[in-house]
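All remarks here apply to the structure that follows.
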Amino acid sequence: MPSIIILKGLDEGRRFELLTPLSAIGRDQACFIRLQDTEISRRHAEVYKSADGFRFRDLGSANGCFVNCKSVRDVLLKPGDQIQVGQTVLLFAPLAGEIGAEVADPFLESLKIKPPKEPENFERSFALLGTVPESEGSALLSRPEVAQGDWLRSALARLGVIYETINATSQILDIQLLLDRILGLVLKTLSADHGSVLLATSFAQSAALKSQGDSETYGDFKVVARASAVPGKGDILVSRTVVDHVMREKIGVLVSDALNDSRFNAVQSIVRSGVREIICVPMRGRHATVGVIYLDKHPEEAEIDIHGTPKRGFAFEKEHLTLAIAVAHQAALAVEDTLYYKARVQGERLAAVGEAVAHLSHHIKNILQGLKSGGEILRMGVRDQEMPLLEQGLRIIEKNHTRLFDLVKDMLGFSKDRVPAFQEKNLVEILTDVVELSAPMAKANGAEIRLETFAQEVVAFVDPEGIHRTILNLVNNAIDAIREKSYGLVIVGLNPSVEAGYVEIVVSDNGEGIAEADMKMIFAPFQSSKGNSGTGLGLAVARKTIEEHKGIIWVESKPDEGASFYVKIPLGPPVKG
181 MPSIIILKGL DEGRRFELLT PLSAIGRDQA CFIRLQDTEI SRRHAEVYKS
231 ADGFRFRDLG SANGCFVNCK SVRDVLLKPG DQIQVGQTVL LFAPLAGEIG
281 AEVADPFLES LKIKPPKEPE NFERSFALLG TVPESEGSAL LSRPEVAQGD
331 WLRSALARLG VIYETINATS QILDIQLLLD RILGLVLKTL SADHGSVLLA
381 TSFAQSAALK SQGDSETYGD FKVVARASAV PGKGDILVSR TVVDHVMREK
431 IGVLVSDALN DSRFNAVQSI VRSGVREIIC VPMRGRHATV GVIYLDKHPE
481 EAEIDIHGTP KRGFAFEKEH LTLAIAVAHQ AALAVEDTLY YKARVQGERL
531 AAVGEAVAHL SHHIKNILQG LKSGGEILRM GVRDQEMPLL EQGLRIIEKN
581 HTRLFDLVKD MLGFSKDRVP AFQEKNLVEI LTDVVELSAP MAKANGAEIR
631 LETFAQEVVA FVDPEGIHRT ILNLVNNAID AIREKSYGLV IVGLNPSVEA
681 GYVEIVVSDN GEGIAEADMK MIFAPFQSSK GNSGTGLGLA VARKTIEEHK
731 GIIWVESKPD EGASFYVKIP LGPPVKG
């Protein structure tokens with residue numbers, strides 16, 4: 181029999197066998213395929229059996245249905261079809277054991293796989309010259325020295341540095357670490373003695389990079405990375421003349437005999453350091469040249485003749501220059517991408533801070549105004565020696581102090597990453613305490629609050645304070661929702677979950693309910709229906725707390741039918757890692 185498998189969403193991994201001719205999909209408890217996705221309707225769609233197979237039908241849902249990324253109303257399902265409802269993706273598939281089985285159902289008959297009469301012999305049919313494991317590609321690129329054959333080792337050595345450069349740029353977001361890593365790769369591959377990376381001053385400042393060495397500034401460039409293949413072998417110096425030439429001509433240069441090159445032989449840095457060969461290439465990105473990579477090579481002792489003159493024959497060749505400029509291009513792209521990423525993160529952070537300040541400042545202003553009013557009433561009571569005024573002022577101050585305290589706790593709970601203090605605790609005790617604390621508030625609003633549990637003791641590994649605060653917040657919201665009811669009822673329930681090892685806590689009310697449009701953003705920060713009395717952080721903090729418990733929280737509601745908030749958490753201890 182075919183089945184529906186949840187590929188993506190809150191119910192990911194669940195399988196539903198289509199045992200009946202009609203299977204409803206939605207949030208309603210009566211639905212056979214019941215999903216926790218808040219973006220789907222209570223009865224969103226259905227899968228039903230017809231003469232030509234199983235079909236999928238939209239039941240007038242608010243957000244529509246999609247099969248293989250196409251909007252549909254009623255469509256015949258084929259094996260492998262992907263169905264999307266809300267944020268949940270489902271797969272229509274037969275049971276593995278039934279593929280190829282002898283069945284009369286034409287739908288399943290079409291899925292039968294008929295093996296060939298005689299298995300094909302690959303070795304007999306093809307001239308097999310050799311094989312290579314699928315993992316060999318990454319292994320050879322990272323360790324070209326293990327390759328067989330001089331040509332392959334040489335080719336992979338040059339290709340390997342590009343591979344490692346791209347790999348580094350995709351994993352390292354710190355520009356300093358990235359440039360140090362790339363410079364080390366280039367030194368190793370090109371057998372250079374020294375290397376330096378110079379960035380344009382504007383890019384170095386944007387990346388907050390510090391200059392390296394004593395002579396760190398070269399015109400508009402700063403040395404931000406240095407490396408030496410052999411410590412103590414000559415000074416790490418950079419020729420400003422060579423750098424200026426590269427930037428002015430917009431080319432990479434290979435200087436094979438720097439001491440005898442008429443363009444550079446008078447340069448003091450070259451004469452002083454005794455450098456024989458130089459590679460200097462521009463780091464050209466998408467939009468600008470961000471800097472240069474500078475490499476040098478000193479003459480080896482074996483390369484100097486009896487007269488002290490360097491012999492001919494050089495370590496750097498044209499292909500080294502080509503490889504260096506390719507690596508420099510990748511490094512430049514990484515610098516640009518990292519700076520863009522940092523700027524974007526900073527912009528989003530500032531936007532988030534601005535939004536938070538805008539929401540919180542109004543709420544804090546109201547609290548401060550309440551404290552000021554309470555203080556003025558206290559002052560009047562002291563002046564006139566009237567106890568009722570003193571009591572009234574004190575109540576106002578205490579009320580606003582509580583609001584301010586709750587606001588600060590919500591802000592800390594939402595912004596700070598924390599590890600729950602897990603311990604074995606009877607959930608019934610936590611819920612009983614919540615109900616007792618909320619009973620006076622419910623009574624003051626002419627409502628009743630009731631606790632319903634399936635057992636007297638349900639032990640779970642939880643953070644008692646976090647769960648207590650979450651459920652108390654849900655209960656307070658429920659009491660606020662039934663203020664206008666002639667008879668308001670809030671039920672706090674503890675039920676076994678259909679999923680083994682979990683338990684569900686439900687807070688339901690018979691209030692006005694929540695509009696479909698509001699449910700999509702109900703757990704987002706700074707979303708509140710309480711006006712000036714709400715911070716908009718309560719439900720956001722509640723979701724964060726439950727997710728820290730590796731659980732989920734969702735809401736089911738319809739206008740004028742009340743609302744139910746569900747919290748599903750594991751009973752067992754947290755799994756490390």
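Heads up: the sequence shown begins at 181 in this note's numbering, then just goes up one per residue. Heads up, the beta-carbon is just placed ideally off N, CA and C, and yes, glycines get one too.
Rounded Cβ spacing between glycine 534 and leucine 558 (contact assumed at less than 8 Å): Here the question's residue 534 lines up with position 354 in the sequence shown. Here the question's residue 558 lines up with position 378 in the sequence shown. At roughly 36 Å, the Cβ-Cβ gap does not stay under 8 Å, so glycine 534 and leucine 558 are not in contact.
Once the 5 residues before and after threonine 469 are set aside, which same chain residues still bring their CB inside 6 Å of it? The residue you call residue 469 lines up with position 289 of the sequence shown. Excluding sequence neighbours, threonine 469 sits near Pro462.
Go ahead and pull the three-state DSSP assignment for leucine 215. Working through the sequence shown from its first residue, we reach residue 215 at position 35. The answer is coil: DSSP assigns leucine 215 none of H, G, I, E or B.
Taking valine 683 as the reference, give the member of His500, Lys730, Ala743 and Phe594 with the closest Cα. Locating residue 683 in the sequence shown gives position 503, where the first residue counts as 1. Comparing Cα positions, the closest option is Lys730.
Measure the C-alpha to C-alpha separation of asparagine 606 and leucine 365 and round it to an integer number of angstroms. For the purposes of this step, residue 606 is taken as the residue at position 426 of the sequence shown. For the purposes of this step, residue 365 is taken as the residue at position 185 of the sequence shown. Taking the straight line joining both Cα atoms gives about 58 Å.
Environment of leucine 434 [buried if 16+ CB atoms lie within 10 Å]: As a first step, residue 434 is located in the sequence shown; it is residue number 254 there, counting from the start. When all chains shown are included, leucine 434 counts as buried.
Assuming glutamate 374 contacts serine 419 under a Cβ cut-off of 8 Å, what Cβ separation, rounded to an integer in Å, is found between them? Your numbering for residue 374 matches position 194 in the sequence shown. Your numbering for residue 419 matches position 239 in the sequence shown. A small fix is needed here, since residue 374 is histidine in this sequence, not glutamate. So it is not a contact: roughly 12 Å between Cβ atoms.
Beta-carbon proximity of valine 672 to leucine 631, cut-off 8 Å: Mapped onto the sequence shown, residue 672 falls at position 492. Mapped onto the sequence shown, residue 631 falls at position 451. Result yes, Cβ atoms of valine 672 and leucine 631 sit closer than 8 Å.
Histidine 374 by DSSP, collapsed to three states: which one? Indexing the sequence shown from 1 puts residue 374 at position 194. Strand, per DSSP.
Buried or exposed for phenylalanine 383, please, with buried defined as at least 16 other CB atoms from any protein chain shown within 10 angstroms of its CB. Position 203 of the sequence shown, counted from the first residue, corresponds to residue 383. It is buried - the Cβ of phenylalanine 383 has at least 16 other Cβ atoms within 10 Å.
Between aspartate 689 and chain B, is the shortest Cβ-Cβ distance under 8 Å, so that the two count as touching? No chain B is present in this structure, which holds just one protein chain.
Exposed unless 16 or more other CB atoms sit within 10 angstroms - verdict on threonine 582: Translated into positions along the sequence shown, residue 582 becomes position 402. Threonine 582 comes out exposed.
For the alpha helix (DSSP H) containing asparagine 657, list its first residue and its last residue. Position 477 of the sequence shown, counted from the start, is the residue given in the question as residue 657. Run containing asparagine 657: 644 to 661, per the alpha helix (DSSP H) assignment.
Residue burial classification, histidine 467 (beta-carbon count within 10 angstroms, cutoff 16): The residue given as residue 467 occupies position 287 in the sequence shown. By the 10 Å Cβ count, histidine 467 comes out exposed.
Quick one: grab the DSSP three-state call for glutamine 209. Counting from one through the sequence shown, the residue named residue 209 turns up at place 29. Coil at glutamine 209, not helix or strand.
Taking just the CA atoms, how far does leucine 652 sit from proline 753? Counted from its first residue, the sequence shown places residue 753 at position 573. Counted from its first residue, the sequence shown places residue 652 at position 472. Near 23 Å, if we compare the C-alpha coordinates of leucine 652 and proline 753.
Could you check the C-alpha separation between glycine 240 and arginine 649 for me, to the nearest Å? Here residue 240 refers to the residue found at position 60 of the sequence shown. Here residue 649 refers to the residue found at position 469 of the sequence shown. Going from the Cα of glycine 240 to the Cα of arginine 649 covers about 38 Å.
What distance in whole Å lies between the Cβ atoms of alanine 635 and glycine 668, which are believed to be in contact at a cut-off of 8 Å? Taking the first residue of the sequence shown as position 1, residue 668 is located at position 488. Taking the first residue of the sequence shown as position 1, residue 635 is located at position 455. Not really, about 27 Å apart at Cβ, beyond 8 Å.
Can you give me the C-alpha to C-alpha distance between glycine 550 and phenylalanine 585, rounded to a whole angstrom? Numbered from 1 along the sequence shown, position 370 holds the residue referred to as residue 550. Numbered from 1 along the sequence shown, position 405 holds the residue referred to as residue 585. Roughly 14 Å separates the two Cα atoms.
Less than 8 Å separating the beta-carbons of alanine 204 and arginine 223? Translated into positions along the sequence shown, residue 204 becomes position 24. Translated into positions along the sequence shown, residue 223 becomes position 43. Yes, the Cβ-Cβ distance between alanine 204 and arginine 223 is below 8 Å.
So phenylalanine 706 packs on glycine 716, CB below 8 Å; how close in whole Å? What you label residue 706 is simply residue 526 of the sequence shown in a count that begins at 1. What you label residue 716 is simply residue 536 of the sequence shown in a count that begins at 1. Their Cβ separation, rounded to whole angstroms, is 4 Å, which keeps phenylalanine 706 and glycine 716 in contact under 8 Å.
Beta-bridge partners of aspartate 400, as assigned by DSSP: Residue mapping note: residue 400 aligns to position 220 of the sequence shown, counting from 1. Aspartate 400 is not bridged to any residue.
Counted within 10 angstroms of its Cβ, other Cβ atoms place arginine 723 as buried (16 or more) or exposed: To locate residue 723, count along the sequence shown from 1; it is residue 543. Arginine 723 comes out buried.
Which listed residue (Gly691, Glu679 and Ile694) has its alpha carbon closest to that of phenylalanine 194: The residue given as residue 194 occupies position 14 in the sequence shown. For the sequence presented, residue 194 should be read as arginine rather than phenylalanine. Per the Cα distances, Glu679.
Whole-number beta carbon distance between phenylalanine 246 and glutamine 264, since they are thought to touch under 8 Å: Taking the first residue of the sequence shown as 1, we reach residue 264 at position 84. Taking the first residue of the sequence shown as 1, we reach residue 246 at position 66. Contact flag correct, Cβ pair sits at about 4 Å.
Contact defined as beta carbons within less than 8 Å: I believe glycine 561 pairs with leucine 569. What is the distance between those atoms, to the nearest angstrom? As a position in the sequence shown, residue 561 is number 381, starting the count at 1. As a position in the sequence shown, residue 569 is number 389, starting the count at 1. Right, their Cβ atoms sit about 3 Å apart.
Going by C-alpha to C-alpha distance, which of Asn243, Leu674 and Ala511 sits closest to glutamate 637? Position 457 of the sequence shown, counting from 1, holds the residue named residue 637. Comparing Cα-Cα distances from glutamate 637 to each of Asn243, Leu674 and Ala511, the minimum goes to Leu674.
Serine 203 - DSSP class collapsed to helix/strand/coil: Within the sequence shown, residue 203 is the residue found at index 23, counting from 1. In the structure shown, serine 203 sits in a strand (DSSP, three-state: E or B).
Please report how far the alpha carbon of valine 615 lies from the alpha carbon of tyrosine 228, in whole angstroms. On the sequence shown, residue 615 is found 435 positions in, with the first residue counted as 1. On the sequence shown, residue 228 is found 48 positions in, with the first residue counted as 1. Roughly 44 Å separates the two Cα atoms.
Which runs of the alpha helix (DSSP H) at least 4 residues long sit entirely within the stretch 551 to 606? Give them in chain order. 567 to 595
Please classify aspartate 232 as buried or exposed, where buried requires at least 16 other C-beta atoms within 10 Å of its C-beta. Locating residue 232 in the sequence shown gives position 52, where the first residue counts as 1. Under this definition aspartate 232 is an exposed residue.
Classification of arginine 529 by the beta-carbon crowding that lies within 10 angstroms, buried from 16 upward: Residue 529 sits at position 349 when you count from the first residue of the sequence shown. Arginine 529 comes out exposed.
What is the rounded straight-line gap between the Cα of serine 376 and the Cα of alanine 512? Translated into the one-based positions of the sequence shown, residue 376 becomes position 196. Translated into the one-based positions of the sequence shown, residue 512 becomes position 332. Their backbone Cα atoms lie some 14 Å apart in a straight line.
Look at the alpha carbon of valine 599 and the alpha carbon of phenylalanine 496, and state the distance between them as a whole number of angstroms. In the sequence shown, residue 599 corresponds to position 419, counting from 1. In the sequence shown, residue 496 corresponds to position 316, counting from 1. Cα to Cα, the separation comes out at about 55 Å.
Residue span of the alpha helix (DSSP H) that contains aspartate 191, given as start and end: In the sequence shown, counting from the first residue as 1, residue 191 sits at position 11. Premise fails: aspartate 191 is in no alpha helix (DSSP H) and is neither H nor E.
Using the DSSP secondary-structure output, state which residues sit across from cysteine 249 in a beta bridge. Along the sequence shown, one-based indexing puts residue 249 at 69. For cysteine 249, which the question treats as bridged, DSSP gives no partner whatsoever.
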